[in-house]
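Data first, discussion second: the structure below is written as structure tokens.
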Amino acid sequence: MPEISNIKIGLCNLFILHTSASLCIMENWDDAVKTDMEAFLDKIAPMDGKYEHSCEGPDDMPAHIKTAIIGPSHSIPIADGSLKLGTWQGIWLNEHRTSKMTRNVCVTVQGTTS
711 MPEISNIKIG LCNLFILHTS ASLCIMENWD DAVKTDMEAF LDKIAPMDGK YEHSCEGPDD
771 MPAHIKTAII GPSHSIPIAD GSLKLGTWQG IWLNEHRTSK MTRNVCVTVQ GTTS
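Heads up: the sequence shown runs through residues 711 to 824, numbered per this note's numbering.
Shown next as structure tokens:
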């Protein structure tokens with residue numbers, strides 16, 4: 711991220727501007743983690759559940775529930791011009807709807823350059 715390359719110490723806040731997608735920090739090495747996470751979330755909020763809110767399709771309310779569980783934002787420390795994530799950590803944008811959607815993430819960077 712060129713915006714943080716000059717920051718000595720700071721914070722990067724990521725916030726997704728949607729109620730049916732989420733952000734999380736998760737292991738990014740093994741693809742099985744994604745499969746396991748999706749299976750777990752589908753058990754908690756199944757698409758065939760009986761939901762009052764269904765006007766946007768059967769995948770909408772489960773998507774809202776998954777977003778509420780995982781959350782819309784994360785703050786990540788910045789040190790010496792880079793995000794301080796663990797060795798296996800990656801930032802995931804989780805799409806909880808079945809159709810492809812355009813998603814926007816607000817990125818706010820604060821910090822000192824000296």
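All C-beta atoms in this analysis are idealised placements derived from N, C-alpha and C, irrespective of residue type, glycine included.
According to DSSP, residue pairing for residue 737 in a beta bridge involves 799.
Look at residue 731 here: in three-state DSSP terms it is strand. Contact between residue 721 and residue 785 holds: CB atoms are separated by about 5 Å, below the 8 Å threshold. The region 790 to 799 and the region 750 to 768 do not touch, with fewer than 3 CB-CB distances between them shorter than 8 Å. Of the candidates 789, 724 and 779, 779 places its Cα closest to the Cα of residue 748. For residue 786, the enclosing beta strand (DSSP E) stretches over residues 783 to 789.
Here residue 771 has 761, 763 and 764 as same chain residues with Cβ atoms under 7 Å from its own Cβ, once five neighbours each way along the sequence are excluded.
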